[in-house]
Amino acid sequence: MKVRDVMTNDVISVREDNSVEDVARLMASYRISGAPVVDMQGAVVGLVTEYDLISKQGDTAGEVMTRGVVTVSQDTDLEEVTHLLTNRRIRRVPVMDGGKLVGILSRSDLIRQMAMRWVCDVCGYVERSMQVPGQCSHCGASSEAFVHAVEPPGM
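For the sequence shown, the numbering used here gives the first residue as 12, with consecutive numbering after it.
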């Protein structure tokens, strides 16, 4: 499975010159804990998180943001990103395509993906749904054939 299958497409980002107060309001209203920081050309130059807002002194997102952000592409394997998030102890990675911000992948996206994974015990086909599928679209087995499968991080 690839990043494109799980990432959040509608990315809430902020500009370097946004005030810390504006960033805090935006994060609170969208109930997010971090956002990519982009320059005037739209290139990702950092990431601002709740931690940055409460622990660093500064007036703008550019002054408090974390620099040197790890990014991934849409074609990166989820296993690689899971490993990255757990080993680097980061909570989100911006998703880039040709230098353009196209999404973000967070730990909560991975949790949502885990909750949606059902495996047919008859043929092994994986269905993605918040509820048990009515039948397997691959072999036609009934809903009783499905088990909820969870892949541990880093596996």
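All residues carry an ideal CB built from backbone N, CA and C; glycine is no exception.
Reduced DSSP secondary structure (H/G/I, E/B, other) of residue i
| i | result |
| --- | --- |
| T71 | strand |
| Q124 | helix |
| V81 | coil |
| V25 | strand |
| V158 | strand |
Exposed unless 16 or more other CB atoms sit within 10 angstroms - verdict on residue i
| i | result |
| --- | --- |
| G114 | buried |
| M51 | exposed |
| R103 | buried |
| S117 | buried |
| G53 | exposed |
| G57 | buried |
| M18 | buried |
Cβ separation of residue i and residue j, assumed to be a contact under 8 Å, to the nearest whole Å
| i | j | result |
| --- | --- | --- |
| T60 | G45 | 4 Å |
| D63 | T82 | Actually they do not touch by this definition, with Cβ atoms about 17 Å apart. |
Report the residue ranges of all alpha helix (DSSP H) runs contained in full by the segment 33-73; include only those spanning at least 4 residues, in chain order. DSSP runs (the alpha helix (DSSP H)) wholly in the segment 33-73: 61-66.
Identify every run of the beta strand (DSSP E) within the segment 88-148, keeping only runs that are complete inside it and at least 3 residues long; order them along the chain. If one requires a minimum length of 3 residues, the beta strand (DSSP E) runs lying completely within the segment 88-148 are 103-108, 111-117, 128-131, 137-139, in chain order.
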